[in-house]
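Peer 1: Residue numbers (UniProt numbering): 1 to 359. Please see the structure below; I have some questions.
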């Protein structure tokens, strides 16, 4: 009898350990409803996003680090966006890639919460940085003043604000206001959109208002004022950098709007309005935003593209510097050929424009 009771205790303990392990591998709420072929297709897509996102953003950051003349206020915010995109690729995408390869979540509840938090944080940082970049374009275009130390100080404060503001709105689910958990077929994690409690819904409303609606309204206001402003003599360079920023905002919205719509339907629509498998498609599309920004910079920023081509060609040509050193650019005015020309971008039609020296 004693042996039987002892054996039953061991069996019960082993069952609990097995259940705990299964719960950690597949957090509550996960739904592995995809076929093996579908999981493989998702893994391939995530693999491409992972490689291209890391490679593209690394090259962008490398070019900015080697050419001091690229360090303008607008480009500081571009660097901040690139850093947040690379962090998504380094700390978030590998987890969902591995989960898709195996067909289930692999890192347990703690890994799921980390994945949801990190993706939310870095995504909000990118959107807030884009809205602050729009405001910087608005201020520079309407003022028409030459660059000085105050512009760089404002840009550095904007970078710090983007991270602090994003932390303020993505930390609460870790502290009890809503939560992060499995999403879709259980191979990705995010805010628990499907929870119908008052606490969860109040957080979702605040997240959409303060981390999506307000940044978008700021961007629309700034670009509307820029386009409607009369009597401003914008140079070709100023027009192209404005086009670049608008292209980045448009690309971000195209990538994230389907996900936002899906999240709102899951939160406030009828139960089951968004099937788990269908929720994965907007999530994949949102991740492609990490690949777009480096491509847009190369295509629409002439000075960046020329520096990029010079770097990869290993040219021995000695470029003259627009500034005397990499330090002086942070505190001194940068010379321009036109009163309203932003040195973040040089017109491609002028082949005599000097590029920054390599460091």
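C-beta: ideal position from N, C-alpha, C; glycine also. Remember, predicted model here, so these are calculated numbers, not experimental data.
Give the DSSP bridge partners of residue 185, in chain order.
Peer 2: DSSP output for residue 185 lists no bridge partner at all.
Peer 1: Any idea what DSSP makes of residue 165, helix, strand or coil?
Peer 2: The answer is helix: DSSP assigns residue 165 an H, G or I state.
Peer 1: Three-state secondary structure (DSSP) at residue 67?
Peer 2: DSSP places residue 67 in coil when its eight states are reduced to three.
Peer 1: Distance, Cα to Cα, residue 273 vs residue 194?
Peer 2: Going by the C-alpha atoms only, they are around 10 Å apart.
Peer 1: Identify, in the order they occur along the chain, each residue of the same chain with its Cβ nearer than 6 Å to the Cβ of residue 122, setting aside the five sequence neighbours on each side.
Peer 2: Taken in chain order, the residues that qualify are 84, 87, 88.
Peer 1: With a threshold of 7 Å between beta-carbons, can residue 192 be considered close to chain D, or not?
Peer 2: Annotation note: the requested chain D is absent from the structure, which comprises a single protein chain.
Peer 1: Based on DSSP bridge pairs, tell me the residues matched to residue 35.
Peer 2: Bridge partners of residue 35: none, in fact.
Peer 1: Use the C-beta contact count for residue 74: other C-beta atoms within 10 angstroms, 16 or more gives buried, fewer gives exposed.
Peer 2: So residue 74 ends up on the buried side.
Peer 1: Judging by CA-CA distance, which residue of 160, 116, 183, 131 is the nearest neighbour of residue 171?
Peer 2: Here the closest residue by C-alpha is 116.
Peer 1: DSSP three-state call for residue 170: helix, strand or coil?
Peer 2: Residue 170 falls in the helix class under three-state DSSP.
Peer 1: Can you find at least 3 beta carbon pairs, one from the segment 101–109 and one from the segment 291–306, that sit closer than 8 Å?
Peer 2: With the cut-off at 8 Å, the segment 101–109 and the segment 291–306 do not touch.
Peer 1: Check for me: the alpha helix (DSSP H) holding residue 101 runs from which residue to which?
Peer 2: Here the alpha helix (DSSP H) through residue 101 covers 93–102.
Peer 1: Check whether the Cβ atoms of residue 185 and residue 280 sit closer than 7 Å, and answer yes or no.
Peer 2: Cβ distance < 7 Å, so residue 185 and residue 280 count as in contact.
Peer 1: DSSP on residue 197, reduced to helix/strand/coil?
Peer 2: Three-state result, residue 197: coil.
Peer 1: Could you round the C-beta distance between residue 243 and residue 300 to whole angstroms and report it? I think they count as a contact, below 8 Å.
Peer 2: 6 Å between Cβ atoms; contact.
Peer 1: Keeping to the same chain, check which residues put their C-beta closer than 8 Å to that of residue 259; ignore five residues upstream and five downstream.
Peer 2: The answer, listed in chain order, is 282, 283, 285, 286.
Peer 1: Looking only at its own chain, which residues have a Cβ that is under 7 Å from the Cβ of residue 200, when we skip the five neighbours before and after it?
Peer 2: So the qualifying residues of the chain are 178, 192.
Peer 1: Can you check whether the CB of residue 187 is closer than 7 Å to the CB of residue 96?
Peer 2: Yes. Within cutoff.
Peer 1: Start and end of the alpha helix (DSSP H) containing residue 110?
Peer 2: Looking at the DSSP string, the run of the alpha helix (DSSP H) that includes residue 110 is 108–143.
Peer 1: What is the DSSP secondary structure of residue 191, reduced to helix, strand or coil?
Peer 2: DSSP places residue 191 in strand when its eight states are reduced to three.
Peer 1: What is the C-beta distance between residue 70 and residue 63, in whole angstroms, given that I count them as a contact (C-beta under 8 Å)?
Peer 2: So it is a contact: roughly 7 Å between Cβ atoms.
Peer 1: Using CA coordinates, which residue listed in 257, 222, 148, 309 is at the minimum distance from residue 133?
Peer 2: The residue with the shortest Cα to Cα distance from residue 133 is 222.
Peer 1: Can you check DSSP and say which residues form a bridge with residue 180?
Peer 2: In the DSSP output, where bridge partners are listed per residue, residue 180 has 191.
Peer 1: Which residues in the same chain have their Cβ closer than 7 Å to the Cβ of residue 60, if we skip the five residues on either side of it in sequence?
Peer 2: Only 82, 294, 297 meet the Cβ criterion.
Peer 1: Is the beta carbon of residue 215 closer than 7 Å to that of residue 131?
Peer 2: In contact: residue 131 and residue 215 (Cβ atoms closer than 7 Å).
Peer 1: For residue 210 versus residue 256, is the C-beta distance shorter than 7 Å?
Peer 2: No.
Peer 1: Is residue 263 helix, strand or coil by DSSP?
Peer 2: If DSSP states are grouped into helix, strand and coil, residue 263 belongs with the helices.
Peer 1: Where does residue 257 sit, in a helix, a strand or coil, going by DSSP?
Peer 2: DSSP places residue 257 in helix when its eight states are reduced to three.
Peer 1: Can the beta-carbon of residue 34 be found closer than 7 Å to that of residue 277?
Peer 2: The answer is yes: Cβ separation under 7 Å.
Peer 1: Pop quiz: residue 54 and residue 90 are said to be a contact at Cβ under 8 Å. What is the actual Cβ separation, rounded to whole angstroms?
Peer 2: So it is a contact: roughly 7 Å between Cβ atoms.
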